[in-house]
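Enquirer: As you go down the protein sequences, you meet chains A and B in turn. Residues in the first sequence are numbered from 0 upward in steps of one, following numbering that gives the first Met the number 0. Residues in the second sequence are numbered from 0 upward in steps of one, following numbering that gives the first Met the number 0. The structure follows.
2 protein chains.
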Amino acid sequence: MQLTGYNYIAGETSAEGAETFFSVNPRSKETADLPFHNATAAEVARAVEAAEAAFTEIRDYSSEKIADFLDEIAEQIEALGDELLDCADRETGLGLPRLTGERERTTGQFRAFGSFLREGSYLRPIINSEQPGQPSIRQMQFPVGPVAIFAASNFPFAFAVAGGDTASALAAGCPVVVKAHPGHPATSEMFAQAFNAAVAAGGFPAGTFSMLQGNGIDVGQWLVAHDGIEAVGFTGSLRGGRAIYDAAASRPRPVPVYAEMGSVNPVVITGAALAQRADDIAEGLVASITMGTGQFCTNPGLILLQDSPAAQDFIADVTAKMSVAPAGVLLNETIARGLEGTVGRTVANPEISVLTGGEAIADSDYFCFSNTVMQTTAAAIRADDRLQVEHFGPVTLFVVCEDGADLSATVDALEGNLTSTIHAESDELGDIGDLLHQLREKAGRVIWNGFPTGVAVVQAMQHGGPYPATTAPGTTSVGMNAIYRFMRPIAFQNVPDALLPDPLKDANPLGIMRLVDDVYTDGRL
Amino acid sequence: MQLTGYNYIAGETSAEGAETFFSVNPRSKETADLPFHNATAAEVARAVEAAEAAFTEIRDYSSEKIADFLDEIAEQIEALGDELLDCADRETGLGLPRLTGERERTTGQFRAFGSFLREGSYLRPIINSEQPGQPSIRQMQFPVGPVAIFAASNFPFAFAVAGGDTASALAAGCPVVVKAHPGHPATSEMFAQAFNAAVAAGGFPAGTFSMLQGNGIDVGQWLVAHDGIEAVGFTGSLRGGRAIYDAAASRPRPVPVYAEMGSVNPVVITGAALAQRADDIAEGLVASITMGTGQFCTNPGLILLQDSPAAQDFIADVTAKMSVAPAGVLLNETIARGLEGTVGRTVANPEISVLTGGEAIADSDYFCFSNTVMQTTAAAIRADDRLQVEHFGPVTLFVVCEDGADLSATVDALEGNLTSTIHAESDELGDIGDLLHQLREKAGRVIWNGFPTGVAVVQAMQHGGPYPATTAPGTTSVGMNAIYRFMRPIAFQNVPDALLPDPLKDANPLGIMRLVDDVYTDGRL
């Protein structure tokens, strides 16, 4: 496949800007030859205006037509072949096994949304028929309009140009303008070519998909500030997400930002769990902390337990395992430097003890950071919110609590997270309920005797949580319900049957489940 | 009933502040004797902290217990008797027939949420059972925590202290801190006493409900800025709503604001509709514009039609009817002054012709403004967004379009609205589809051959719309779905059955409808 280094705007390549950047191989720190062109303000505007024009057509496409398009995208991604895997591996160092699995998840997401659309009830049709003194009111979900998507660095497939945010926005019937992540621009361009092929094959308007390159903050700020954007999906850092959120909130016409900004994912381990399963938990924990070199938003970054000889042994065991684990490849220099900064600030706190790691590895041939285990007290973390910062990499912090009350007070002081985890024994059930309730308030997903990494793409999944994990705790960025971030209900009052959308017509021509006069039915009115 | 003029904080009256204000009768402009005390920053903090404490209990109450509480609130409101109607009439001038109907709607909302909760499926339980390689994941909706509610002036019952925002937040399981509207402080205090009685009767923690008085912006700003508030409901002006939105968005930990900020509610009338039903439409329109002295967020403030002799006759007919209609009582001096400001700025635009009214009524004994009809061109409104401002009162603006293309371009240039309306004939159906699609994008509810005032409280109702109608177009502030503004999904992974909330247990002890492995069922797992 021929790569250009250009932006992809409504089916055309474009490179009007003079600023360029390069792809870097994190395993060798070598810079590739092809320059990638930062989009200009005019290019950003052109992409959004093309999306607005496309929306006037797409907004009336049937669920079936959109589902076919999603399937076509999955096929076009597969048609990129192993070249996609090799390219992403060169740009991210994530390795072929992981990338092979991630590609399957990515195409699976498009196909799952296709099935979801064909079933039809996702439109949530609600009908109240005409009654004496009350008109006929019928509502369903409609796409909101052009959506801006910000790709993440750590999932070059599943949370990037062709990730879940893009899949759910397109499934909703919204054109997308994706800001690619500068960590993997060539991979992004390959996806853009797949999207262009799918747009052409599906007969969709060219403005349905655009992709902008950029290695600074300008492109994203221009994109979010454009009045044509109706909603924003973002996966990345707290700092980046908050900047996008602030930009959208300060627009003359503010729009919602669905930002998933990472998490420290607290793990509580009881004394009984340690007594029964210390070795298994230590092994699982180290695997979870170092998986993908710790570059998961669900990485367990904070481990809370009550002080005891067993707890000290456990911490020593985890520390030993972490210290002998090989230092993994980090995605890029920005993440390596970021770890130096965040870990550096944390270890500068006098209440922090470094048990292993805690610093950069000098003279390394690849981007990396030492596997790091730190320890502090419950009182210290309650006294300083900065100790709850995410260290995006193979880093964790033990919080040693004096007793149950100290633990409980500390859980209450936690900020919002994507997940919270508890390791306990079933004979503790009576005592553990309150703690589980506390952990529930701090996260979008509560895990029992497991580890937070690994997010099943199923209907019941909730990938979200209170700020700073996300800016919209009522929504999810994984699973089918992610579509509702990009839809809104519209009600029709006394509109003649012939003018209603099919899902709301008397005859229910699509045969989908509807709430009619407060009763669920797939029949006609 | 004895009124105090105090704030109601977690069951106790409190009046620590020195600043006071008074209730004013809009029919006589007379000020009542009782001083109402603006809440202080310390009182605001106390109310929020009590709500936070209450939440640690309420969050685990059953739907049944909350439903009983909602019924109890309805009964306590009814127990206030006709004294409530008289009090509200003295403070708002809305008249006993309207207030009697509004009280019924208000108690009806609490009871409707009660039924909604007892049915149980509102919790949206979703279960994916354990499969090879995939853990058990189960999610349902949970309350977000303490909610701040801002009462509106124009519905002293249905959108105020005991309005739909409060009802939906309490139904969700969230404690509420209500900022009362200074236009009807005595009415607000009567409701606070009813809530206190219901809290005591239901055995709910005192912090479940607090009500703060205030006639400036400070109380609201303190309330929204408090870190204990997890979500905000607001009904009122664009200026007020945007200030609250901005305050919440700029918090260190931002939270969602669900602000309903009014609308101009465009009405399109086709030539065929005029030819068939000009008299009926004129009569209905004038009734809708003057109903409640035009003080509805669904008031038809913008009427678009194509130029023709029939259109000129229609405009003249509406103008004549408006000019002879009696000038109604406005709620308060702020609204009267507001109309002088907004209408004054609009008529200062050289593209605006005043057909009747357009100014204050000198030497009136009561708060009022002349019934006002204005006219402009489609080109003028496209050229100046300020002509889309809401004139909150008995005011409408005709937009005369040259032809269909001029009309279509103008509809495309409309801002977001709560409603959009079209009057057309059924033999126009073929031509009208595109216009209907355009109107759909501009509103939360599309009305055919009707008028936007009158909002049925049914499941299919959507009371919302794109900014500036609201800050959250995906949500509604009327109808049962309003509850989801104040809930968020939480997923449980591999949590033992005994520790799961009842709606997620294997046995489905509540017998509610659940989505189990992608199939709806009310059976057990």
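Virtual Cβ for every residue (Gly too), placed ideally from N, Cα, C. Since this is a predicted model, take the numbers as computed values, not measurements.
Which residues in chain B sit within 8 Å of H422/A, going by Cβ to Cβ distance?
Expert: Position 423 of the first sequence holds residue 422/A. Per Cβ cutoff of 8 Å: no residues; H422/A is ~11 Å from chain B at best.
Enquirer: Determine whether the Cβ of P508/A lies closer than 8 Å to any Cβ atom of chain B.
Expert: Indexing the first sequence from 1 puts residue 508/A at position 509. With 8 Å as the cut-off, P508/A does not count as an interface residue toward chain B.
Enquirer: I think T106/B touches T297/B, with their Cβ atoms under 8 Å apart; what is that distance to the nearest whole Å?
Expert: Here residue 106/B refers to the residue found at position 107 of the second sequence. Here residue 297/B refers to the residue found at position 298 of the second sequence. In fact, because the Cβ distance is near 22 Å, the residues do not count as touching under 8 Å.
Enquirer: Which whole-angstrom value is the C-beta distance of I489/B and A459/A, which I expect to be below 8 Å?
Expert: By one-based count along the second sequence, residue 489/B stands at place 490. By one-based count along the first sequence, residue 459/A stands at place 460. Actually they are not in contact, since the Cβ atoms of I489/B and A459/A sit about 11 Å apart, beyond 8 Å.
Enquirer: Compare the C-beta of R252/A with all C-beta atoms of chain B and state if any pair is closer than 8 Å.
Expert: Position 253 of the first sequence, counting from 1, holds the residue named residue 252/A. Chain B contact via Cβ: present.
Enquirer: If you measure between the beta carbons of V267/A and L438/A, is that distance less than 8 Å?
Expert: Numbered from its first residue, the first sequence carries residue 267/A at position 268. Numbered from its first residue, the first sequence carries residue 438/A at position 439. Taking 8 Å as the Cβ cut-off, V267/A and L438/A qualify as a contacting pair.
Enquirer: Under a three-way DSSP split, which group does F158/A fall into?
Expert: As a working mapping, residue 158/A is identified with position 159 in the first sequence. It is coil, neither helix nor strand.
Enquirer: Are the beta-carbon atoms of G232/A and Y257/A separated by less than 8 Å?
Expert: Position 233 of the first sequence holds residue 232/A. Position 258 of the first sequence holds residue 257/A. Going by C-beta atoms, G232/A is nearer than 8 Å to Y257/A.
Enquirer: Using the Cβ count rule (16 or more neighbours within 10 Å means buried), how would you classify I527/B?
Expert: A query on residue 527/B cannot be resolved here, the shown segment of chain B reaching from 0 to 524 and no further.
Enquirer: So, helix, strand or coil for E29/B, using DSSP?
Expert: The sequence position of residue 29/B within the second sequence is 30, counting from 1. E29/B: strand per DSSP, three-state reduction.
Enquirer: Please go through the stretch 254-281 of chain B and give each complete beta strand (DSSP E) segment of 3 or more residues, from N-terminal end onward.
Expert: Segments of the beta strand (DSSP E) lying fully in the stretch 254-281 of chain B: 256-259, 265-268.
Enquirer: Of the choices A404/B, P393/B, F391/B, G300/B, whose alpha-carbon is the least far from that of D306/B?
Expert: Residue mapping note: residue 306/B aligns to position 307 of the second sequence, counting from 1. Taking only the C-alpha atoms, the option nearest D306/B is A404/B.
Enquirer: Assuming P467/B and G392/B make a contact with CB atoms under 8 Å, what is their CB distance in whole Å?
Expert: Here residue 467/B refers to the residue found at position 468 of the second sequence. Here residue 392/B refers to the residue found at position 393 of the second sequence. The Cβ separation is near 18 Å, so there is no contact.
Enquirer: When the Cα atoms are used, what is the spatial distance from R110/A to E77/A?
Expert: Taking the first sequence and counting its residues from 1, one reaches residue 110/A at position 111. Taking the first sequence and counting its residues from 1, one reaches residue 77/A at position 78. If you take the alpha carbons of R110/A and E77/A, they lie about 12 Å apart.
Enquirer: Is it the case that the stretch 207-216 of chain B contacts the stretch 187-194 of chain B, given that we only count it when at least three CB pairs across the two stretches are under 8 Å?
Expert: As far as the Cβ criterion goes, the stretch 187-194 of chain B touches the stretch 207-216 of chain B, which means the pair count is three or higher.
Enquirer: With DSSP as the reference, identify every bridge partner of W221/A, one or two as the case may be.
Expert: As a first step, residue 221/A must be located in the first sequence, where it is residue number 222. Partner(s): none; W221/A has no beta bridge.
Enquirer: Which residues in chain B have a C-beta closer than 8 Å to the C-beta of H390/A? List them in chain order.
Expert: The residue given as residue 390/A occupies position 391 in the first sequence. Under the 8 Å cutoff, chain B gives no residues; its nearest Cβ is about 20 Å from H390/A.
Enquirer: State buried or exposed for R523/A, treating a residue as buried only when at least 16 other CB atoms are found within 10 Å of its CB.
Expert: For the purposes of this step, residue 523/A is taken as the residue at position 524 of the first sequence. Its Cβ having fewer than 16 others within 10 Å, R523/A is exposed.
Enquirer: Strictly by DSSP, which residues pair up with K178/A?
Expert: Against the first sequence, residue 178/A aligns to sequence position 179. Answer is F149/A, L211/A.
Enquirer: For the stretch 425-434 of chain B against the stretch 325-343 of chain B, are there 3 or more C-beta pairs whose distance is under 8 Å?
Expert: Result no; under three Cβ-Cβ pairs closer than 8 Å.
Enquirer: Taking CB distances under 8 Å as the criterion, tell me whether A170/B reaches chain A.
Expert: As a position in the second sequence, residue 170/B is number 171, starting the count at 1. Cβ-Cβ to chain A under 8 Å: no for A170/B.
Enquirer: Against V494/A, what residues of chain B qualify as contacts under a CB-to-CB distance less than 7 Å, listed in chain order?
Expert: As a position in the first sequence, residue 494/A is number 495, starting the count at 1. Residues of chain B passing the Cβ test: V445, W447.
Enquirer: Can F141/A and R484/A be called in contact, C-beta distance under 8 Å?
Expert: Counting from 1 along the first sequence, the entry for residue 141/A is found at position 142. Counting from 1 along the first sequence, the entry for residue 484/A is found at position 485. Cβ distance not < 8 Å, so F141/A and R484/A don't count as in contact.
Enquirer: Are the beta-carbon atoms of N6/B and T19/B separated by less than 8 Å?
Expert: Sequence index remark: in the second sequence, residue 6/B carries index 7 (1-based). Sequence index remark: in the second sequence, residue 19/B carries index 20 (1-based). No; because the gap between Cβ atoms is not below 8 Å, this pair is not in contact.
Enquirer: Drop a sphere of 10 angstroms on the beta-carbon of A185/A, count the other beta-carbons inside from all chains shown, and report buried for 16 or more, exposed for fewer.
Expert: Taking the first residue of the first sequence as position 1, residue 185/A is located at position 186. Buried.
Enquirer: To which residues of the same chain is R444/B closer than 6 Å at the C-beta, ignoring the five residues directly before and after it?
Expert: Translated into the one-based positions of the second sequence, residue 444/B becomes position 445. Closer than 6 Å at Cβ, skipping near neighbours: T418, Q461.
Enquirer: Taking the straight line between their C-alpha atoms, what separation do you get for T612/A and V177/A?
Expert: Residue 612/A falls outside the range modelled here, since chain A spans only 0 to 524, and no answer is possible.
Enquirer: From what residue to what residue does the beta strand (DSSP E) around S13/B run?
Expert: Position 14 of the second sequence holds residue 13/B. Unbroken beta strand (DSSP E) run through S13/B: 11-13.
Enquirer: Does the beta-carbon distance from L503/B to I126/B come in below 8 Å?
Expert: Working through the second sequence from its first residue, we reach residue 503/B at position 504. Working through the second sequence from its first residue, we reach residue 126/B at position 127. Contact: yes.
Enquirer: Is there a C-beta anywhere in chain A that falls below 8 Å from the one on I65/B?
Expert: Working through the second sequence from its first residue, we reach residue 65/B at position 66. Taking Cβ atoms only, chain A never reaches closer than 8 Å to I65/B, which makes this a no.
Enquirer: Only counting the same chain, and skipping five residues up and downstream in sequence, which positions put a Cβ closer than 7 Å to that of V328/A?
Expert: The residue given as residue 328/A occupies position 329 in the first sequence. So the list reads P25, R26, G92, T292, Y365, F366, C367, once near-sequence residues are dropped.
Enquirer: Using a beta-carbon distance below 8 Å, is M290/A in contact with chain B?
Expert: Along the first sequence, one-based indexing puts residue 290/A at 291. For M290/A, the answer is no, since every Cβ of chain B falls outside 8 Å of its Cβ.
Enquirer: State yes or no: is the beta carbon of G163/B nearer than 8 Å to at least one beta carbon in chain A?
Expert: Translated into the one-based positions of the second sequence, residue 163/B becomes position 164. Chain A contact via Cβ: absent.
Enquirer: At what residue ranges does the stretch 396-475 of chain B contain a whole run of the beta strand (DSSP E), taking only runs of 3 or more?
Expert: List check, beta strand (DSSP E) in window: 418-422, 444-447.
Enquirer: Going by DSSP, what residues sit across from T165/A in a beta bridge?
Expert: Position 166 of the first sequence, counting from 1, holds the residue named residue 165/A. Answer by DSSP bridge pairing: none, since T165/A is not bridged.
Enquirer: Does the Cβ-Cβ distance between A274/A and V223/A come in under 8 Å?
Expert: Position 275 of the first sequence, counted from the first residue, corresponds to residue 274/A. Position 224 of the first sequence, counted from the first residue, corresponds to residue 223/A. Cβ distance not < 8 Å, so A274/A and V223/A don't count as in contact.
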